Amino acid sequence: MDVGQLQRRLVDYTASLFREGFLDDQFTQLQQLQDESNPDFVFEVVSLFFEDSERLLNDLAISLDQPSVDFKKVDAHVHQLKGSSSSIGAQRVKNVCIAFRNFCEEQNIEGCLRCLQQVKHEYALVKNKLETLFRLEQQVLAAGGSIPME
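Just so you know, our numbering puts 1272 at position 77 of the sequence shown, and the rest follows in order with no gaps.
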């Protein structure tokens, strides 16, 4: 596959992530902050998001598994997850967090547990999609191409 084909694949794949609602404009803004002086900026920010999210999802599972659930604590974790997913443009994760916070407010344990499963699912999907995106970018660069900016 030549550089042009790789670049087209990358552009099409990126467009599909926006079309399917995995990413929003915030991700585009992150990409615009990346330049020659900081070529791994997006990768580094997203890697931090992965680390934070894994920790928060783990904390949420533990908090919701207590005999007496501290909904304020659960809400604080969800609020953090919503903020970090929002900051990288992980739209579907952010949207589940919004619903999750409503269940925290209502102290609805079933709703919270459902949202935890949903947020884990959306997180796993977006993580997989972003890892594929970074692999495609690496292939383009390895082939001697540059990353096309929209």
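Think of the CB as a built atom: it goes at the ideal place given N, C-alpha and C, for glycine as much as any other residue.
Note that this is a predicted model, so its numbers are computed, not measured.
{"query": "Does Ala1285 come out as helix, strand or coil in the three-state DSSP assignment?", "result": "strand"}
{"query": "Pull up the distance between the alpha-carbon of Gly1339 and that of Val1288, whole angstroms please.", "result": "34 Å"}
{"query": "Checking the sheet assignment: what are the DSSP bridge partners for Leu1218?", "result": "Ala1285"}
{"query": "Would you kindly work out how many angstroms separate the C-alpha atoms of Asp1270 and Leu1331, rounded to a whole number?", "result": "36 Å"}
{"query": "Who are the near neighbours of Lys1277 in its chain, counting only those whose CB is closer than 6 Å to its CB and skipping five residues on each side?", "result": "Lys1289 and Cys1292"}
{"query": "Helix, strand or coil for Ile1257, going by three-state DSSP, please let me know.", "result": "helix"}
{"query": "Tell me the DSSP secondary structure of Glu1231 in three-state form.", "result": "coil"}
{"query": "Go ahead and label Thr1209 buried or exposed: buried means 16 or more other beta carbons lie within 10 angstroms of its beta carbon, across all protein chains shown.", "result": "buried"}
{"query": "Rank Asn1323, Phe1298, Glu1326 and Lys1322 by C-alpha distance to the C-alpha of Leu1311 and give the top, closest one.", "result": "Phe1298"}
{"query": "Let me confirm a value: Ile1257 is counted as buried when at least 16 other C-beta atoms fall within 10 Å, else exposed. Which label applies?", "result": "exposed"}
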